[in-house]
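Below is one structure; the comments refer to it alone.
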Amino acid sequence: MPKVIKIKRGLDIKLKGKAKCEVVSVDNSGLFAIRPIDFPNVIAKLLLKEGDLVKVGSPIFYSKNDEQIKFCSPVSGTIKEIVRGDKRKLLEITIESDNLMEKVAPIDVSNLNADFIQKELMEKGYWPAIRQRPFHIIANPAEKPKAIFISGFDSAPLAPDYEFVFAQRISEIQRGIDIIAKLTEGKVHFSTHQVLNGKDSIFANLKNVEMHTFSGPHPSGNIGTQIHHIDPLNKGEAVWYINLSDVVNIGHFFTTGEVQYEKIIALCGSEVENPKYYKVTSGVSLAKISKPNPEVFTRMISGNVLTGSQISENGFLGFYDSQFTLIPEGNYYEFFGWIMPGFNKFSLSKTFFSWLTPNKEYALDSNYHGELRNFVVTGQYEKVFPWDIMPQQLIKSMIIKDFDQMEKLGILEVAEEDFALCEFICTSKMELQEIVRNSIDDFMKEMI
Amino acid sequence: MKIVRDLIDKVKPNFQKGGKLYFLHSTFDAFETFFFVPNHVTKKGAHIRDAIDLKRTMIFVVLAMVPALMFGIYNVGYQHYLSSGADVSFWEIALYGLMKVVPIIVVSYVTCLAVEFTAAQIKGHTINEGVLVTGMLIPLVMPPDIPLWMVAVASVFSIIFAKEVFGGTGMNFLNPALVARAFIFFAYPAEISGDKVWIAEKADAFSGATPLGLAASGNFEQLPDVQTMIIGLMPGSIGETSKIAILLGAIILLFTGIASARIMISAVIGLLSTGLLFNALGLNAFMEVPAYQHLLMGGFLFGAVFMATDPVSASQTPTGKIIYGFLIGFFTMMIRVVNPAYPEGTMLAILLMNVFAPLIDFYVVDSNIKRRLKRVKQVVKS
Numbered sequence: 001m002p003k004v005i006k007i008k009r010g011l012d013i014k015l016k017g018k019a020k021c022e023v024v025s026v027d028n029s030g031l032f033a034i035r036p037i038d039f040p041n042v043i044a045k046l047l048l049k050e051g052d053l054v055k056v057g058s059p060i061f062y063s064k065n066d067e068q069i070k071f072c073s074p075v076s077g078t079i080k081e082i083v084r085g086d087k088r089k090l091l092e093i094t095i096e097s098d099n100l101m102e103k104v105a106p107i108d109v110s111n112l113n114a115d116f117i118q119k120e121l122m123e124k125g126y127w128p129a130i131r132q133r134p135f136h137i138i139a140n141p142a143e144k145p146k147a148i149f150i151s152g153f154d155s156a157p158l159a160p161d162y163e164f165v166f167a168q169r170i171s172e173i174q175r176g177i178d179i180i181a182k183l184t185e186g187k188v189h190f191s192t193h194q195v196l197n198g199k200d201s202i203f204a205n206l207k208n209v210e211m212h213t214f215s216g217p218h219p220s221g222n223i224g225t226q227i228h229h230i231d232p233l234n235k236g237e238a239v240w241y242i243n244l245s246d247v248v249n250i251g252h253f254f255t256t257g258e259v260q261y262e263k264i265i266a267l268c269g270s271e272v273e274n275p276k277y278y279k280v281t282s283g284v285s286l287a288k289i290s291k292p293n294p295e296v297f298t299r300m301i302s303g304n305v306l307t308g309s310q311i312s313e314n315g316f317l318g319f320y321d322s323q324f325t326l327i328p329e330g331n332y333y334e335f336f337g338w339i340m341p342g343f344n345k346f347s348l349s350k351t352f353f354s355w356l357t358p359n360k361e362y363a364l365d366s367n368y369h370g371e372l373r374n375f376v377v378t379g380q381y382e383k384v385f386p387w388d389i390m391p392q393q394l395i396k397s398m399i400i401k402d403f404d405q406m407e408k409l410g411i412l413e414v415a416e417e418d419f420a421l422c423e424f425i426c427t428s429k430m431e432l433q434e435i436v437r438n439s440i441d442d443f444m445k446e447m448i
Numbered sequence: 449m450k451i452v453r454d455l456i457d458k459v460k461p462n463f464q465k466g467g468k469l470y471f472l473h474s475t476f477d478a479f480e481t482f483f484f485v486p487n488h489v490t491k492k493g494a495h496i497r498d499a500i501d502l503k504r505t506m507i508f509v510v511l512a513m514v515p516a517l518m519f520g521i522y523n524v525g526y527q528h529y530l531s532s533g534a535d536v537s538f539w540e541i542a543l544y545g546l547m548k549v550v551p552i553i554v555v556s557y558v559t560c561l562a563v564e565f566t567a568a569q570i571k572g573h574t575i576n577e578g579v580l581v582t583g584m585l586i587p588l589v590m591p592p593d594i595p596l597w598m599v600a601v602a603s604v605f606s607i608i609f610a611k612e613v614f615g616g617t618g619m620n621f622l623n624p625a626l627v628a629r630a631f632i633f634f635a636y637p638a639e640i641s642g643d644k645v646w647i648a649e650k651a652d653a654f655s656g657a658t659p660l661g662l663a664a665s666g667n668f669e670q671l672p673d674v675q676t677m678i679i680g681l682m683p684g685s686i687g688e689t690s691k692i693a694i695l696l697g698a699i700i701l702l703f704t705g706i707a708s709a710r711i712m713i714s715a716v717i718g719l720l721s722t723g724l725l726f727n728a729l730g731l732n733a734f735m736e737v738p739a740y741q742h743l744l745m746g747g748f749l750f751g752a753v754f755m756a757t758d759p760v761s762a763s764q765t766p767t768g769k770i771i772y773g774f775l776i777g778f779f780t781m782m783i784r785v786v787n788p789a790y791p792e793g794t795m796l797a798i799l800l801m802n803v804f805a806p807l808i809d810f811y812v813v814d815s816n817i818k819r820r821l822k823r824v825k826q827v828v829k830s
């Protein structure tokens with residue numbers, strides 16, 4: 001039995017609307033999109049224009065930083081619209097699928113070396129799936145990482161259950177790992193969550209990886225937490241990581257030579273009538289699988305409630321997301337909310353009487369439950385931040401833009417998602433994820 | 449509540465940008481959010497948020513002080529009639545206490561809120577809830593006979609010079625309520641020290657000294673027994689006498705997770721261990737007072753539970769909190785026993801440590817940085 005890494009400081013937010021273990025396949029008609037805004041630090045350079053025909057795997061744009069990194073169409077059809085925001089910033093490129101899934105020419109998989117793998121990953125749009133710390137951006141192909149990390153579970157609220165989703169995909173995962181392992185001279189680390197009922201994880205028999213077992217609440221499934229506890233990042237090093245669903249697609253690609261951008265995603269949240277899993281193609285639109293009740297205000301999220309992005313009812317799945325979450329919008333006033341007993345309020349503190357029912361599932365909404373304040377309370381972030389990093393001090397150094405201090409306090413190790421729980425529990429309602437992301441971006445500029 | 453909401457919605461446009469009363473928007477905001485948690489929804493970052501906010505936090509601190517306040521009110525009446533020797537009913541005692549204490553609370557709250565509203569109005573920021581706690585703490589650390597104008601002057605001074613000049617709640621480095629007490633202590637010492645002020649309208653023949661006063665003047669044989677000091681039927685500041693009421697408050701604060709257990713516990717350990725050291729040294733009679741009795745005398749427990757734990761002026765790092773608390777206990781004992789000038793040391797010890805808290809944090813953060821750097825060196829070696 002390998003050593004279990006126990007995460008003690010954290011929080012599982014129990015929400016209503018967990019997806020049932022049932023997968024519905026969805027056809028590939030309708031609109032799909034690829035969203036340049038999903039990729040921090042990428043300036044998109046378009047290769048196609050509206051009306052152009054694409055196949056599955058045709059490059060649509062590339063990154064200005066590295067022209068070899070291409071972003072490809074997940075379906076075949078025509079480019080319908082190129083949506084821009086302020087300052088002509090590219091927001092999303094929508095593709096009208098013809099449902100034929102005509103693919104680009106397959107590759108020869110008989111002779112695989114690291115250079116060929118890297119070139120094909122970049123050419124076929126798989127490279128953006130590989131991200132790196134420091135900075136939580138797409139991996140720099142010119143660097144060699146000291147290790148590659150893959151998480152075998154997702155601990156975020158209502159996240160897909162990997163043990164269910166990937167049960168039939170072990171051989172593709174193994175193939176994907178073998179391919180990815182060629183990109184590093186170091187180890188490939190794979191983490192699973194300790195299973196309570198004594199069963200072995202379905203990933204227990206994977207080869208060519210170093211297995212780790214975690215226990216404890218969210219953020220044990222965050223890749224940053226895992227890196228920090230397995231092989232922490234130091235200055236001058238880089239580590240890479242990749243989501244498991246992308247490992248499957250890469251495994252499939254290098255087995256058959258044919259591109260594939262599939263995902264099994266969860267449609268979940270208290271506003272979903274029948275939450276379950278859907279087998280879709282990357283970039284699918286929410287409208288394809290769900291119609292929210294028009295009579296209630298619904299917050300539609302691509303991703304989980306902590307780190308996901310808000311979308312409209314015709315919005316699309318983000319590149320790194322594997323769930324749509326629908327929760328009620330919280331645009332109501334609450335009479336004397338600061339003194340009411342609050343049996344229905346979820347809080348890490350015990351100032352609401354909901355502490356009487358610790359196992360209750362909540363239908364939380366998007367209300368702030370308060371207003372922005374200065375830092376007053378201390379010691380609360382530490383309760384959900386299981387790192388040897390001082391969260392509040394790091395955030396303060398970010399607020400005053402002290403880059404030297406940020407580096408010393410650990411900005412190279414963290415990403416915005418690592419502060420999502422801190423942001424959730426923050427009494428002063430600080431926008432921590434935004435502070436962290438902006439600071440990382442500024443820090444990168446400062447380094448050049 | 450529908451009526452209130454409708455009323456607020458009706459007048460709200462006047463206070464919004466472009467409205468003719470926009471300059472009063474801070475004040476309006478304060479009243480609106482007093483009645484209603486706003487309908488703001490998350491725009492970026494986490495889509496759901498913990499139900500707690502600063503209002504709720506501060507209200508719970510005030511709730512935690514209610515037992516001490518209740519007992520304080522009763523004790524003010526009790527001590528008064530004890531000194532005059534009159535035999536009266538519970539209700540008469542309570543009524544007398546109310547008549548003495550409520551005006552102090554009202555004056556404290558009115559002046560604190562007035563300053564806070566004015567400052568918010570001038571700077572255009574929202575009203576900070578910290579003032580709710582300060583407004584309650586100030587009466588509880590006052591002697592019952594304090595002149596009301598003095599409470600007002602001290603409150604104004606402390607809110608302006610201990611808080612607003614630094615940028616309001618969250619930016620101050622001293623606990624405002626303690627600054628208020630220190631202000632009176634140094635500006636009008638006759639009204640807040642000595643034997644005369646701790647019992648309202650005391651009869652002259654009665655001693656009326658607090659346990660610490662007795663100890664400082666060497667009258668150890670007159671110290672009340674332990675039971676009296678725990679229950680709290682003795683002269684002292686309004687909120688500080690009953691250790692049971694303070695412990696109730698501590699339980700509320702710790703159970704809800706609002707106050708730091710590290711600070712409270714390490715402060716008590718600091719006091720007890722310094723006390724034991726003095727007991728062992730035994731250089732004078734004061735040093736021989738058992739350490740645990742120091743816990744029961746004066747305002748130490750009240751200070752450790754409600755004032756040392758003020759998160760803004762305390763140390764902010766986990767390790768720092770332990771050091772900070774311990775030193776509060778240590779300096780309380782030093783000032784009480786070694787320094788002959790002031791009988792009570794808690795107030796000065798906490799203020800002193802408020803000043804040193806950033807320094808403690810600096811070294812704790814620095815040690816974290818060094819530890820993390822060491823990790824790099826290990827990697828380089830191996």
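Just so you know, the sequences run in chain order A and B.
As numbered in this note's numbering, residues 1 to 448 make up the first sequence, in order.
As numbered in this note's numbering, residues 449 to 830 make up the second sequence, in order.
Each residue gets a CB set at the ideal place from its N, CA and C atoms; glycine is no exception.
- Given a length threshold of 3 residues, each whole run of the beta strand (DSSP E) inside the segment 268–350 of chain A is given here in chain order: 276–281, 298–302, 309–311, 323–328.
- Bounds of any alpha helix (DSSP H) do not take in Leu91 (chain A); it lies within the beta strand (DSSP E) bounded by 90–98.
- Against chain B, a Cβ distance below 7 Å from Gly283 (chain A) picks out nothing, because the smallest value is about 21 Å.
- In the three-state reduction of the DSSP assignment, Arg133 (chain A) falls in the strand class.
- Not a single C-beta of chain B is nearer than 8 Å to the C-beta of Glu295 (chain A).
- Put simply, of B:Phe484, B:Val558, B:Phe463, B:Val489 the residue whose alpha carbon is nearest the alpha carbon of Tyr368 (chain A) is B:Val489.
- Taking a cut-off of 8 Å for Cβ pairs, the segment 182–201 of chain A and the segment 358–372 of chain A do not touch, as fewer than three such pairs fall below it.
- Taken in chain order, the members of the segment 475–501 of chain B whose beta-carbon sits within less than 7 Å of a beta-carbon on chain A are Thr481, Phe483, Phe484, Val485, Pro486, Asn487, His488, Val489, Thr490, Lys492, Gly493, Ala494, His495, Ile496, Arg497, Asp498, Ala499, Ile500, Asp501.
- At least one beta carbon of chain A lies nearer than 8 Å to the beta carbon of Ile507 (chain B).
- Proximity of Phe748 (chain B) to chain A, defined by a Cβ-Cβ separation below 8 Å, is not satisfied.
- In the three-state reduction of the DSSP assignment, Ser815 (chain B) falls in the helix class, which pools H, G and I.
- In this chain, the beta strand (DSSP E) harbouring Met211 (chain A) covers 210–215.
- A distance below 8 Å separates the beta carbons of Leu775 (chain B) and Gly718 (chain B).
- By the Cβ neighbour-count rule, Lys465 (chain B) is exposed, with fewer than 16 other Cβ atoms within 10 Å of its own.
- Fewer than three Cβ pairs drawn from the segment 230–246 of chain A and the segment 20–29 of chain A lie within less than 8 Å of each other, which leaves the two stretches out of contact.
- Excluding sequence positions up to five before and after Lys45 (chain A), its CB lies within less than 7 Å of the CB of Phe61, Tyr62, Lys64, all in the same chain and listed in chain order.
- 8 Å or more divides the Cβ of Thr780 (chain B) from the Cβ of Met712 (chain B).
- For the C-beta of Pro232 (chain A), the chain B residues within less than 7 Å are, from N- to C-terminus, Arg823.
- Closest in alpha carbon position to Ala33 (chain A), among A:Pro40, A:Leu47, A:Ile79, is A:Ile79.
- DSSP lists no bridge partner for Trp355 (chain A).
- Per DSSP, the beta-bridge partners of Ile82 (chain A) are A:Ile93.
- In this structure, B:Gly578 is the residue among B:Gly578, B:Leu543, B:Thr676, B:Ile541 with its C-alpha nearest to the C-alpha of Val510 (chain B).
- Residue range 59–63 is occupied by the beta strand (DSSP E) that includes Tyr62 (chain A).
- The alpha-carbon separation between Phe385 (chain A) and Leu48 (chain A) amounts to approximately 44 Å.
- By the neighbour-count definition (other C-beta atoms within 10 Å, threshold 16), Phe353 (chain A) is an exposed residue.
- Not flagged as an interface residue toward chain B: Asn359 (chain A), since no C-beta distance is shorter than 8 Å.
- Residue-level contact check: Glu271 (chain A) does not touch chain B, since none of the beta carbons of chain B fall below 8 Å from its beta carbon.
- Of A:Glu407, A:Asn293, A:Asp321, the smallest CA-CA separation from Gly303 (chain A) is found for A:Asp321.
- Counting the other Cβ atoms within 10 Å of the Cβ of Gly730 (chain B) gives fewer than 16, which makes it exposed.
- Residue contact check for Tyr320 (chain A) against chain B: no CB pair falls below 8 Å.
- Within the same chain, and ignoring the five residues on either side of Leu409 (chain A) in sequence, the residues whose Cβ sits closer than 7 Å to its Cβ are Ile389, Met390, Gln393, Leu394, Ser397.
- If you draw a straight line from the Cα of Lys288 (chain A) to the Cα of Lys818 (chain B), it is about 53 Å long.
- Between Ala542 (chain B) and Ile521 (chain B) a beta carbon distance of about 7 Å is seen, short of the 8 Å cut, so the two are scored as contacting.
- For Val760 (chain B), the residues of chain A that pass the 7 Å Cβ criterion are Val376, in the order they occur in the chain.
- Residue-level contact check: Thr351 (chain A) touches chain B, since one or more beta carbons of chain B fall below 8 Å from its beta carbon.
- Around the Cβ of Pro659 (chain B), a 10 Å sphere holds 16 or more other Cβ atoms; the residue is buried.
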